[in-house]
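Asks:
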Amino acid sequence: MKKLFALCLAAVVALGLAACGGSTSSSAAASEPGTSDAASSAAASVAAAGKDPANCKIGVIQLTEHVALDAARDGFIDALVEAGFNRENIDVQNAQGEIPNCATIATKFVNDKVDLILAVATPAAQAAAQATTEIPILATAVTDFVSAGLVNSDEVPGGNVSGTSDMNPIEEQADLLVKLVPEAKTVGILYCSAEDNSILQAGLAKAAFEARGLTVNEYTAADVNEIQPVTTKAVGEVDALYVPTDNLFAENMPTAALVAENAKIPVICGESGMVDSGGTATYGINYYNLGKLAAAQAVEILVDGKDVGTVPVGFASVEDLEFAVNEANCEAIGLTLPEDLKG
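Just so you know, we're using my numbering here: the sequence shown kicks off at 11 and counts up by one.
1. So, are the CB atoms of alanine 291 and leucine 224 less than 9 Å apart?
2. For lysine 118 and glutamine 136, what's the separation of their Cα atoms in angstroms?
3. Starting from the C-beta of proline 1, find all residues in its chain whose C-beta is less than 6 Å away, skip the five residues before and the five after it, and write them out in chain order.
4. For aspartate 350, count the other beta carbons within 10 Å of its own beta carbon; 16 or more makes it buried, fewer makes it exposed. Which is it?
5. Contact defined as beta carbons within less than 8 Å: I believe alanine 81 pairs with glycine 283. What is the distance between those atoms, to the nearest angstrom?
6. Would you kindly check if the distance between the Cβ of lysine 189 and the Cβ of proline 348 is under 9 Å?
7. Compute the distance between the beta-carbons of asparagine 257 and threonine 74, then report whether it is under 9 Å.
8. In the DSSP output, which residue or residues are listed as bridge partners for asparagine 104?
9. Enumerated in chain order, which unbroken segments of the alpha helix (DSSP H) with a length of 4 residues or greater are wholly contained in the segment 111-152?
10. Quick one: using the 10 Å Cβ neighbour count with 16 as the cut-off for buried, is glycine 246 buried or exposed?
11. Measuring straight from C-alpha to C-alpha, what distance separates leucine 72 and alanine 138?
12. Which residues bound the alpha helix (DSSP H) around leucine 251?
13. With a threshold of 16 other CB atoms inside 10 Å of the CB of valine 22, please say whether the residue is buried or exposed.
14. By the three-class DSSP mapping on this structure, what secondary structure does glutamate 332 have?
15. Can glycine 94 and alanine 304 be called in contact, C-beta distance under 9 Å?
16. Nearest to serine 203 by CA position, among Gly289, Lys352, Pro254, is which residue?
17. If you check the beta carbons only, do isoleucine 180 and aspartate 125 fall under 9 Å apart?
18. Taking the beta carbon of proline 110 as the centre, do at least 16 other beta carbons fall within 10 Å, making it buried, or is it exposed?
19. Can you name the start and end residues of the beta strand (DSSP E) that glutamate 349 belongs to?
20. Whole-angstrom Cβ separation of alanine 334 and isoleucine 295, contact assumed at under 8 Å?
21. Does the beta-carbon distance from proline 264 to leucine 345 come in below 9 Å?
22. Measure the C-alpha to C-alpha separation of glutamate 98 and alanine 64 and round it to an integer number of angstroms.
23. Buried or exposed: asparagine 235, going by 16 or more other Cβ atoms within 10 Å of its Cβ?
24. Would you say alanine 141 faces chain C, with C-beta separation under 9 Å as the test?
25. Specify the secondary structure class of glutamate 236 as computed by DSSP and reduced to three states.
26. On a CA-only basis, which of Ile278, Val152, Ala266 is nearest leucine 210? Give me that one, please.
27. Label alanine 338 either buried or exposed according to how many other C-beta atoms from any shown protein chain fall within 10 Å of its C-beta, with 16 as the threshold for buried.
28. What are the complete alpha helix (DSSP H) segments, minimum 4 residues, inside the segment 244-300?
29. What does the Cβ neighbour count give for alanine 38, buried or exposed, with the cut at 16 atoms within 10 Å?
30. Measuring CB to CB, does alanine 215 end up less than 9 Å from alanine 184?
31. Under a three-way DSSP split, which group does glutamate 228 fall into?
32. Within its chain, find whatever has a CB closer than 7 Å to the CB of aspartate 164; leave out the 5 residues flanking it on each side and keep chain order.
33. With distances taken Cα to Cα, identify the nearest neighbour of alanine 129 among Leu312, Leu331, Gly301, Ala342.
34. Please name the residue, chosen from Phe219, Asn178, Asn207, Gly107, that lies closest to valine 191 on a Cα-to-Cα basis.
35. Between the Cα of asparagine 85 and the Cα atoms of Ala244, Gln307, Thr242, which residue gives the shortest distance?
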């Protein structure tokens with residue numbers, strides 16, 4: 011059973027904007043939240059923006075279903091509902107892991123004339139950005155907005171896209187692997203060759219591990235059918251595995267984790283949902299809070315009337331990082347936790 015230690019999980023957002031009344035419809039992503047001054051002038055802001063939160067329509071495009079993306083989506087919706095938006099006016103659509111579906115959903119939302127689009131994961135954000143240059147788009151669970159071609163800069167995005175980044179604390183994760191598996195000499199990085207976010211993280215992780223004197227092997231899968239054979243090859247050649255916040259591997263983590271567990275190879279993961287699904291441990295961000303940060307941005311845009319192009323891309327604070335460990339997996343592979351990591 012997984013044990014989760016929240017290292018100072020602070021309240022990420024204060025969305026007490028009483029002027030929001032709202033509405034959301036469910037089907038098949040910070041800048042700082044509004045200040046007290048903004049809250050006190052909410053009615054004036056709404057009038058200036060020409061939006062009534064009670065009637066705002068929001069479309070959510072989610073690339074696929076797995077623990078991290080689901081948590082980001084739920085954090086976004088829950089925070090908006092807490093702020094007064096109506097859940098019935100939030101239309102959630104899942105692309106089932108198919109990138110072309112993201113484009114279809116984005117076009118639907120444009121035709122529906124939604125007031126804002128939330129895109130969960132990079133391909134969903136790219137599809138939304140291609141579908142409209144006028145509707146505000148917030149993205150979450152995107153590692154690098156600039157390299158994905160979504161914004162001009164994190165500080166001043168420009169255009170109609172902003173959101174919250176799930177860039178991992180890769181240096182800290184590399185330190186965690188070395189601490190848990192001090193005898194390791196070779197580390198394998200598993201990721202999907204088709205995901206830009208994963209390619210970026212793999213490069214950063216390779217540099218981090220090599221800086222710590224480790225040899226790095228990279229193993230890529232293009233689709234679900236390659237997960238098991240690629241992981242099987244990897245566990246025969248390495249002392250430990252690292253999996254970044256990769257959508258393909260996150261969705262199929264039980265398969266990869268079982269192969270690694272049978273070979274008694276520890277798996278350091280990019281986020282806690284992958285630990286829940288069989289990985290060994292992580293030190294990473296909280297996706298639910300990441301979604302709440304995106305909701306704070308949505309309130310700024312829809313209620314305060316801010317231009318999305320002036321809302322900086324948000325990042326999780328150090329206080330929101332968490333250590334998570336799968337004790338059952340540790341026992342199965344014969345890994346003893348250092349005393350300072352035991353609960």
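A virtual CB, placed ideally from N, CA and C, is assigned to each residue, including glycine. If you're wondering where the values come from, they're calculated on a predicted model, not measured in any experiment.
Replies: The relevant details are as follows:
1. To locate residue 291, count along the sequence shown from 1; it is residue 281. To locate residue 224, count along the sequence shown from 1; it is residue 214. Cβ atoms of alanine 291 and leucine 224: not closer than 9 Å.
2. The residue labelled residue 118 in the question sits at position 108 within the sequence shown. The residue labelled residue 136 in the question sits at position 126 within the sequence shown. Cα to Cα, lysine 118 sits roughly 15 Å from glutamine 136.
3. This structure leaves residue 1 out entirely; the chain is present only between 11 and 353.
4. Your numbering for residue 350 matches position 340 in the sequence shown. By the neighbour-count criterion, in which 16 or more other beta carbons inside 10 Å mark a residue as buried, aspartate 350 falls on the exposed side.
5. Position 71 of the sequence shown, counted from the start, is the residue given in the question as residue 81. Position 273 of the sequence shown, counted from the start, is the residue given in the question as residue 283. Rounded, the Cβ-Cβ distance is 7 Å, consistent with contact.
6. By one-based count along the sequence shown, residue 348 stands at place 338. By one-based count along the sequence shown, residue 189 stands at place 179. In this structure, lysine 189 lies closer than 9 Å to proline 348 by Cβ.
7. Reading the sequence shown from its first residue, position 247 is the one you call residue 257. Reading the sequence shown from its first residue, position 64 is the one you call residue 74. Contact: yes.
8. Residue mapping note: residue 104 aligns to position 94 of the sequence shown, counting from 1. Paired residue(s): Gln72.
9. Runs of the alpha helix (DSSP H) inside the segment 111-152: 132-141.
10. The residue labelled residue 246 in the question sits at position 236 within the sequence shown. Exposed, because fewer than 16 other Cβ atoms sit within 10 Å of the Cβ of glycine 246.
11. Against the sequence shown, residue 72 aligns to sequence position 62. Against the sequence shown, residue 138 aligns to sequence position 128. Note on residue identity: the sequence assigns glutamine, not leucine, to residue 72. Their Cα atoms are separated by approximately 11 Å.
12. Counting from one through the sequence shown, the residue named residue 251 turns up at place 241. Unbroken run through leucine 251 is the beta strand (DSSP E), 250-253; no alpha helix (DSSP H).
13. As a working note, residue 22 is residue 12 in the sequence shown. Confidence at valine 22 is low in this model, with a pLDDT of 37, below 50, so the placement of that residue should be treated as unreliable; the coordinate-derived value is given next. With 16 or more other Cβ atoms within 10 Å, it is buried.
14. As a position in the sequence shown, residue 332 is number 322, starting the count at 1. Glutamate 332: strand per DSSP, three-state reduction.
15. The residue you call residue 94 lines up with position 84 of the sequence shown. The residue you call residue 304 lines up with position 294 of the sequence shown. No. Outside cutoff.
16. Along the sequence shown, one-based indexing puts residue 203 at 193. If we check each option's Cα against that of serine 203, Pro254 comes out closest.
17. The residue labelled residue 180 in the question sits at position 170 within the sequence shown. The residue labelled residue 125 in the question sits at position 115 within the sequence shown. Not a contact, by the Cβ cut-off of 9 Å.
18. For the purposes of this step, residue 110 is taken as the residue at position 100 of the sequence shown. Classification of proline 110: exposed, given that the 10 Å Cβ count is below 16.
19. Taking the first residue of the sequence shown as 1, we reach residue 349 at position 339. Note, glutamate 349: premise wrong, no beta strand (DSSP E); not H, not E.
20. The residue given as residue 334 occupies position 324 in the sequence shown. The residue given as residue 295 occupies position 285 in the sequence shown. Contact between alanine 334 and isoleucine 295 does not hold, since their C-beta atoms are separated by about 11 Å, which reaches or exceeds 8 Å.
21. For this step, residue 264 is matched to residue 254 along the sequence shown. For this step, residue 345 is matched to residue 335 along the sequence shown. Contact: no.
22. Working through the sequence shown from its first residue, we reach residue 98 at position 88. Working through the sequence shown from its first residue, we reach residue 64 at position 54. So the alpha carbons of these two residues sit roughly 10 Å apart.
23. Taking the sequence shown and counting its residues from 1, the one referred to as residue 235 is at position 225. Classification of asparagine 235: exposed, given that the 10 Å Cβ count is below 16.
24. In the displayed structure, chain C is absent; only one protein chain is listed.
25. What you label residue 236 is simply residue 226 of the sequence shown in a count that begins at 1. It is helical.
26. What you label residue 210 is simply residue 200 of the sequence shown in a count that begins at 1. For leucine 210, the nearest C-alpha among the options comes from Val152.
27. Position 328 of the sequence shown holds residue 338. Exposed, because fewer than 16 other Cβ atoms sit within 10 Å of the Cβ of alanine 338.
28. You should have 257-261, 263-272, 282-286.
29. Position 28 of the sequence shown, counting from 1, holds the residue named residue 38. Bear in mind that a pLDDT of 34 at alanine 38, under 50, signals an unreliable position, so the model cannot answer this.
30. Counting from 1 along the sequence shown, the entry for residue 215 is found at position 205. Counting from 1 along the sequence shown, the entry for residue 184 is found at position 174. Yes, the Cβ-Cβ distance between alanine 215 and alanine 184 is below 9 Å.
31. Counting from 1 along the sequence shown, the entry for residue 228 is found at position 218. In this structure, glutamate 228 counts as strand in the three-state DSSP scheme.
32. Counting from 1 along the sequence shown, the entry for residue 164 is found at position 154. Counting only Cβ-Cβ distances below 7 Å, and skipping sequence neighbours, we find Phe155, Val156, Pro322, Val323.
33. By one-based count along the sequence shown, residue 129 stands at place 119. Of Leu312, Leu331, Gly301, Ala342, the residue nearest in Cα terms is Gly301.
34. Stepping through the sequence shown from its first residue, residue 191 is reached at position 181. Closest in alpha carbon position to valine 191, among Phe219, Asn178, Asn207, Gly107, is Phe219.
35. Locating residue 85 in the sequence shown gives position 75, where the first residue counts as 1. Note that residue 85 is glycine in the sequence shown, not asparagine. The candidate whose alpha carbon is nearest that of glycine 85 is Gln307.
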